[in-house]
Amino acid sequence: MPELPEVETIVRFLREGRDDKPSLYGFRIEKATVLWERSLAFPKLEEFLQNISDQIITSISRRGKFIRVELQNNYFIIHLRMSGDLWVEPETTPPGLHHRWMLHFGNGWRLAFNDPRKFGRAWMVADDQSILGNLGPEPFDKTLTADAFFKQLHHCRRQLKPLLMDQTFLAGLGNIYTDEALHLAKLHPMLVSNNLSEAQCAKLLAAIRQVLREGIVRQGASIDWVYRGGDFQKYFRVYQRTGKPCPVCTTPIERITLGQRSTHFCPICQKM
DNA sequence: ACGAGCGCCTGTCGGC
DNA sequence: TGCCGACAGGCGCTCG
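Numbering (my numbering), first residue to last: 4 to 275.
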């Protein structure tokens, strides 16, 4: 489920609690259980189990699509990839079929990483920049001005769709929000970055921020069988709407493959 | 520098 | 009903 709005929703929930679930701030990790070893990218299992025990969660934040849990001695960083999710649940619940690891707090609660497709990864590292250091700017960063974004787009010569999904260019967009932003900005996904005018670049940045804001307000999108969180899927303009009318001009939405990913756009609103 | 192909995984859905 | 391919919110790798 993870693009910026879904990850942001999960981070807020872990930080603030939701419904009957507590905030994890200040929780002491009594011990961890790893059920699928490949979910742990670093360090080796033994070292991880030993070093995570007895540490206290001091903060929880998001960088791009990564979740950064700050502990006293180091960072626990999680990437949900395609199907990962984090559940706060009582220890009395039987572990789910797709649980890959769990942090036990010894107070009746645990944090479980549920990930049917097993693509998700977690790292425990002293320096968070060893994992997050190559990420591009945050879309809402105030220093990312229209002018800076124009320069970034003109610094390379790439199709907009794969470029916007490149996390070293901009951190947080995935397949859904890229398609949605390009439609809102009325830009064809195959347009080449350094051909955009200043006005088009400014419009694209504004569109990216708008769709991400909408996604966060709706608490993310829930599609398929993963992530039953928000309802942004009810408001998709183009994503997974092949053949359905464009919300602006009613022309049927088209689907092509770009950068190995299905790409949805309106052939009238988003001309080459 | 850039894009395409593929691998990693499990699950769902539509067609036959 | 069962089988089979296509497809799914990501990303790292190789190969042209």
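C-beta: ideal position from N, C-alpha, C; glycine also.
Source: prediction; values computed, not measured.
C-alpha distance - residue i paired with residue j, whole-angstrom precision
i           : j           : result
residue 91  : residue 149 : 39 Å
residue 239 : residue 268 : 11 Å
residue 253 : residue 145 : 35 Å
residue 125 : residue 257 : 36 Å
residue 270 : residue 205 : 22 Å
residue 127 : residue 64  : 15 Å
residue 112 : residue 25  : 9 Å
residue 68  : residue 85  : 11 Å
residue 264 : residue 62  : 34 Å
residue 75  : residue 23  : 27 Å
residue 56  : residue 169 : 35 Å
residue 45  : residue 250 : 45 Å
residue 234 : residue 245 : 19 Å
residue 216 : residue 208 : 12 Å
residue 220 : residue 20  : 17 Å
residue 241 : residue 156 : 23 Å
Within 8 Å, strictly: CB atoms of residue i and residue j
i           : j           : result
residue 139 : residue 174 : yes
residue 71  : residue 80  : yes
residue 32  : residue 108 : yes
residue 135 : residue 66  : yes
residue 187 : residue 213 : yes
residue 190 : residue 273 : yes
residue 123 : residue 87  : yes
residue 48  : residue 103 : no
residue 137 : residue 171 : yes
residue 129 : residue 198 : no
residue 27  : residue 17  : yes
residue 222 : residue 232 : yes
8 Å contact criterion, which residue i and residue j should meet: CB distance rounded
i           : j           : result
residue 89  : residue 35  : At roughly 14 Å, the Cβ-Cβ gap does not stay under 8 Å, so residue 89 and residue 35 are not in contact.
residue 224 : residue 218 : 7 Å
residue 261 : residue 192 : 6 Å
residue 143 : residue 201 : Actually they do not touch by this definition, with Cβ atoms about 21 Å apart.
residue 133 : residue 159 : Going by Cβ atoms, the distance from residue 133 to residue 159 rounds to 25 Å, so no, they are not a contact pair.
Three Cβ pairs or more, each shorter than 8 Å: is that satisfied between the region 52-59 and the region 88-102? no
Determine contact between the region 5-21 and the region 163-177, defined as no fewer than three beta-carbon pairs at a distance below 8 Å. yes
Given 8 Å as the limit, is there contact between the region 148-167 and the region 113-126, that is, 3 or more CB pairs closer than that? no
Which residue spans inside the region 70-124 form an unbroken beta strand (DSSP E) run of at least 3? 78-82, 88-93, 102-107 and 112-117
List in chain order: all unbroken alpha helix (DSSP H) runs of 4+ residues lying wholly within the region 151-202. 163-168 and 178-187
Whole beta strand (DSSP E) elements within the region 7-82, 3-residue minimum: 34-37, 43-45, 62-66, 69-73 and 78-82
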